[in-house]
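S.K.:
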Amino acid sequence: MEIIFENLKQQKNCYQQLLIHLGEQQEAVANQDDEGLMNAIKKKNEYVQALHKLEQEMNTRLDQMGDSEREKVARETETLRGEIVLSIEKLIAGEEESRKAIAQQRDELEDQIKQFKKTKNLFKGYQDPSSSKGGGFKGNA
55 MEIIFENLKQ QKNCYQQLLI HLGEQQEAVA NQDDEGLMNA IKKKNEYVQA
105 LHKLEQEMNT RLDQMGDSER EKVARETETL RGEIVLSIEK LIAGEEESRK
155 AIAQQRDELE DQIKQFKKTK NLFKGYQDPS SSKGGGFKGN A
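Structure representation (structure tokens):
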């Protein structure tokens with residue numbers, strides 16, 4: 055029982071660290087800091103891997119328990135599990151905010167690229183006197 059409680063405390067700590075690195079990720083997205091974004095994601099991945107290992111360990115221990123012992127563990131860890139759920143909900147909301155911000159930046163970049171291509175084509179038309187667009191200078195300007 056104590057081992058499961060300690061495992062849950064470690065999981066809670068991992069989720070808290072994920073929230074910290076999510077904040078770093080959001081800041082990097084807002085500042086369009088690709089390097090900072092990659093660093094935050096790498097740090098988050100370390101904690102995700104640690105969580106995966108902790109969850110596997112806990113599931114193994116729970117599988118070794120009888121029903122009454124599992125029910126007792128569930129009752130005695132309810133508060134801690136609730137705190138973990140709140141952290142997970144915050145992570146999900148924060149990741150969704152980051153996803154939306156990145157999508158918006160992508161859309162803005164696509165618009166800039168389209169505008170650049172239009173401008174480039176217009177400029178090209180003025181440079182090439184034989185262009186079918188009829189632009190260009192004939193040399194008598």
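Using this note's numbering, you'd call the opening residue of the sequence shown number 55 and step up by one each time.
Think of the CB as a built atom: it goes at the ideal place given N, C-alpha and C, for glycine as much as any other residue.
Using only alpha-carbon positions, find the residue among Ile74, Glu111, Leu163, Leu105 that is nearest to aspartate 94.
M.R.: First, the residue type needs correcting, since residue 94 is alanine and not aspartate in the sequence shown. Check the Cα spacing between alanine 94 and each of Ile74, Glu111, Leu163, Leu105: the tightest is with Ile74.
S.K.: Measuring CB to CB, does glutamine 71 end up less than 8 Å from tyrosine 101?
M.R.: Contact annotation: glutamine 71 and tyrosine 101 have beta-carbon atoms nearer than 8 Å.
S.K.: For glycine 120, name the three-state secondary structure that DSSP assigns.
M.R.: coil
S.K.: Using a Cβ-Cβ cutoff of less than 6 Å, which residues in the same chain neighbour glutamate 78 once the five nearest sequence positions on both sides are dropped?
M.R.: Ala94
S.K.: If you follow the alpha helix (DSSP H) that threonine 131 is in, where does it begin and where does it stop?
M.R.: Neither: threonine 131 is in no alpha helix (DSSP H) and is coded neither H nor E.
S.K.: Please return the same chain residues whose Cβ sits closer than 8 Å to the Cβ of methionine 55, not counting the five positions on each side in sequence.
M.R.: Glu123, Lys126, Val127, Glu130
S.K.: In angstroms, rounded to a whole number, what distance separates the CA positions of glutamine 166 and glutamine 181?
M.R.: 22 Å
S.K.: Is the Cβ-Cβ distance between glutamate 137 and lysine 66 less than 8 Å?
M.R.: Their beta carbons are under 8 Å apart, which means glutamate 137 touches lysine 66 by this criterion.
S.K.: Just the C-alpha distance for leucine 176 and phenylalanine 170, rounded to the nearest angstrom, thanks.
M.R.: 10 Å
S.K.: Asparagine 67 lies in the alpha helix (DSSP H); which residues open and close that run?
M.R.: For asparagine 67, the enclosing alpha helix (DSSP H) covers residues 56 to 84.
S.K.: Tell whether a beta-carbon distance below 8 Å holds between leucine 134 and leucine 62.
M.R.: yes
S.K.: Nearest to lysine 154 by CA position, among Phe59, Tyr69, Val83, Cys68, is which residue?
M.R.: Across the set Phe59, Tyr69, Val83, Cys68, the C-alpha of Val83 shows the shortest separation from the C-alpha of lysine 154.
S.K.: Consult DSSP for aspartate 88 and reduce its assignment to one of helix, strand or coil.
M.R.: helix
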